[in-house]
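Data block below; observations after.
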Amino acid sequence: MFRDNESATLIDSGYGRFNDVTLGKVESALESWDGPSLDRIINTHIHSDHIGGNAELQRAHPGCSIAVPVDEQPALVNWDSPEQMLSYADQECERFAWDDVIEPGQQIQLGGEAWHSIATPGHDMGSLVFYSPNLRILISADALWEHSSGFVPPQAVDPKPLAAQRATFKRLAELDVALVIPGHGPMFTDFSGALARASAKLEAFAEDDLKIAKSVVKGMFIYSMMWRGEIALADVPAYLARIGVHRDYNAQFFKMSDEAYADWLVGEAVRAGKIRVDGAFLRST
Ligand SMILES: [Zn+2]
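Residue 0 is where the sequence shown starts when you use numbering that gives the first Met the number 0, and the numbers rise one by one after that.
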């Protein structure tokens, strides 16, 4: 979150399941700054864990505008297409209206500094990141994390994102960055190390579509469980067979029975420490 005189800007609004936490944090930042109002939300891309608080924050802060990357508009108009991974992946998100768009290469003012928006297609084909040459800070969204980056779909589903993510890493490597504020995890300073790690991971994925498919369905299941909280173990096979991404990826990549797929996926999510088996139920940790 940034302050420009009496005006505050929030970059991305989190996953809707945690809107109470997001609203509380925004409120305490505004209070600590003694006066500014939340006037603007800027989204880096339109995944549910980055836009989930938009509608509720706008209700809580009347007059707050929402700006989205220009290339995300078609997906927002066609709300809930499979690529957006909402109902297709059992993710919840309240629909919102946007007031403004940001173009790649556009300059925006945040915290009294000029930031450049940079197109970073790959994980999301319309995604933008923001870079301040003066501060040497990169707001990297899901284009780069400390140890990896946001998932790209398997090449058998769509080959474009992986190639685009590769080009995005090349583009980012041209920047002089001292501090990265990623879309997930703490801020970090080892920019070139992060790029090397993320590129190595991407290339490992590039050689193995099945590995990508596993990571996509595991991530989506964990996020769905965060929202649901619990589900009866006996219901998991039928639940997964009902959700598009699980049904389609199982048919295309894993080719298991509903029961075997459910057993495998539950095991993976438990091993990741995000879910636990509690008697006859599966619960989010
Ligand atoms: Zn994302």
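We treat Cβ as the ideally placed atom computed from N, Cα and C, and that holds for glycine.
Source: prediction; values computed, not measured.
Starting from residue i, trace the alpha helix (DSSP H) in both directions and tell me its first and last residue.
i	result
Y130	Element bounds for Y130: not the alpha helix (DSSP H) but the beta strand (DSSP E), 127-131.
L171	159-172
E26	18-31
G243	243-248
D48	47-50
E93	Here E93 belongs to no alpha helix (DSSP H), and DSSP marks it neither H nor E.
K75	Looking at the sequence shown, residue 75 is not Lys but Leu. Per DSSP, L75 belongs to the alpha helix (DSSP H) from 72-76.
Q57	53-59
Check whether the Cβ of residue i sits closer than 7 angstroms to any heavy atom of ligand 3, and report yes or no.
i	result
D123	Summarising the ligand content, the structure contains ligand 1 and does not contain ligand 3.
Can you list, in chain order, the residues of its chain with a C-beta nearer than 6 angstroms to that of residue i? Leave out the 5 residues immediately preceding and following it.
i	result
I107	W114
I302	Look at the range of the chain in this structure, 0 to 284, and you will see that residue 302 is not part of it.
G149	H122, D141
D247	none
L264	F220
L9	M0, I40
Bridge partners for residue i per DSSP, in chain order?
i	result
W114	I107
A140	P181
I65	I40
S283	I274
V100	V67
F187	V179
Would residue i be called buried (16 or more neighbouring beta carbons within 10 Å of its own) or exposed?
i	result
A197	buried
G121	buried
R241	exposed
D11	buried
G184	exposed
R94	exposed
M124	buried
T167	buried
V76	exposed
H146	exposed
G266	exposed
I'd like the span of the beta strand (DSSP E) that includes residue i, first residue to last.
i	result
A7	6-10
I230	229-231
D3	1-3
Measuring straight from C-alpha to C-alpha, what distance separates residue i and residue j?
i	j	result
L209	R16	29 angstroms
D277	G228	12 angstroms
S131	L232	48 angstroms
E359	I45	Look at the range of the chain in this structure, 0 to 284, and you will see that residue 359 is not part of it.
F129	E258	44 angstroms
P181	A163	19 angstroms
S64	T21	17 angstroms
G52	M225	16 angstroms
P81	D89	11 angstroms
R165	D33	43 angstroms
A237	L134	51 angstroms
M255	V235	14 angstroms
G13	D207	30 angstroms
I40	A155	35 angstroms
G23	Q57	14 angstroms
Q105	S27	30 angstroms
A250	V216	12 angstroms
A212	K169	24 angstroms
So, for residue i: in the same chain, excluding its five sequence neighbours on each side, which residues have a beta-carbon less than 7 angstroms away from its beta-carbon?
i	result
L85	S47, D79, C92
L143	L171, V179, P181, A193, L194, A197
S214	F150
T284	G272, K273, I274, R275
Considering only residues of the same chain and omitting the five flanking positions on each side of residue i, which have a CB-CB separation below 8 angstroms?
i	result
L127	T43, H44, P68, I101, P103, S116, I117, A118, T119, A140
L29	A7, P35, S36, L37
M186	L178, V179, I180
A96	I65
V176	Y130, R135, I136, L137, F190
I230	M224, Y238, F280, L281
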